[in-house]
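Sequence positions in the sequence shown follow the numbering used here and run 6 to 137.
Just so it is clear, CB atoms sit at the ideal spot from N, CA and C, and this is done for glycine as well.
Written out below as structure tokens is the structure these notes cover.
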Amino acid sequence: MGDIDGTINVGYCYHYGIGIDKDGHEAFIYYQKAAEMGDAVGMCNVGVCYEDGTGVEKDEKKAFEYFKKSAEMGHASGMYYVGEFYRKGIVVEKNIDIAFEWYLKSAITEQDNTTTKKKGFFRWIHLKILKR
């Protein structure tokens, strides 16, 4: 198993029960394999599993670490999640200015993930206008 996209897709199928029974633990295993191969999407998905306890014990600190790695590799969703952690003060000191920066990065990244870019943009606008 050396194909990153295939590994993530299998994890996705297990995560959401697409063509196979839903199995959070198997999803986590496949996402973890992709992360170990250095894939930003895999890292972000591992972060999601740790954040909500899908297939693994919930651990917000590990979630943040994986989101941060993904974000630093240029992944828009990872950037968005890092912004969320700063906005809410989850395992990091609450800091709206840093959250704002991550939302902006998420919104303007060249990665083609329109949903995440829209979320990042609207969070950015919300913070810019309301400063919350």
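Could you tell me whether the Cβ atoms of residue i and residue j are closer together than 8 Å?
i, j, result
"Ala32", "Cys54", "yes"
"Glu65", "Ile23", "no"
"Thr114", "Gly88", "no"
"Tyr108", "Tyr71", "no"
"Ala45", "Glu56", "no"
"His20", "Gly29", "yes"
For residue i, which three-state DSSP category applies?
i, result
"Met42", "coil"
"Gly83", "helix"
"Val53", "helix"
"Thr12", "helix"
"Gly60", "coil"
Can you give me the Cβ contacts of residue i inside the same chain, cut-off strictly under 6 Å, excluding the 5 residues immediately before and after it?
i, result
"Lys74", "Met48"
"Gly16", "Ala32, Tyr35, Tyr36"
Could you compute how far the alpha carbon of residue i sits from the alpha carbon of residue j?
i, j, result
"Gly60", "Ile101", "31 Å"
"Gly11", "Lys27", "17 Å"
"Asn50", "Tyr36", "6 Å"
"Tyr91", "Cys18", "30 Å"
"Glu62", "Lys110", "30 Å"
Excluding sequence positions up to five away, which residues of its chain have a Cβ less than 7 Å from the Cβ of residue i?
i, result
"Ile103", "Tyr91"
By Cβ distance below 8 Å, which residues in the same chain neighbour residue i in space, the five residues on each side in sequence not counted?
i, result
"Met42", "Gly7, Ile9, Thr12"
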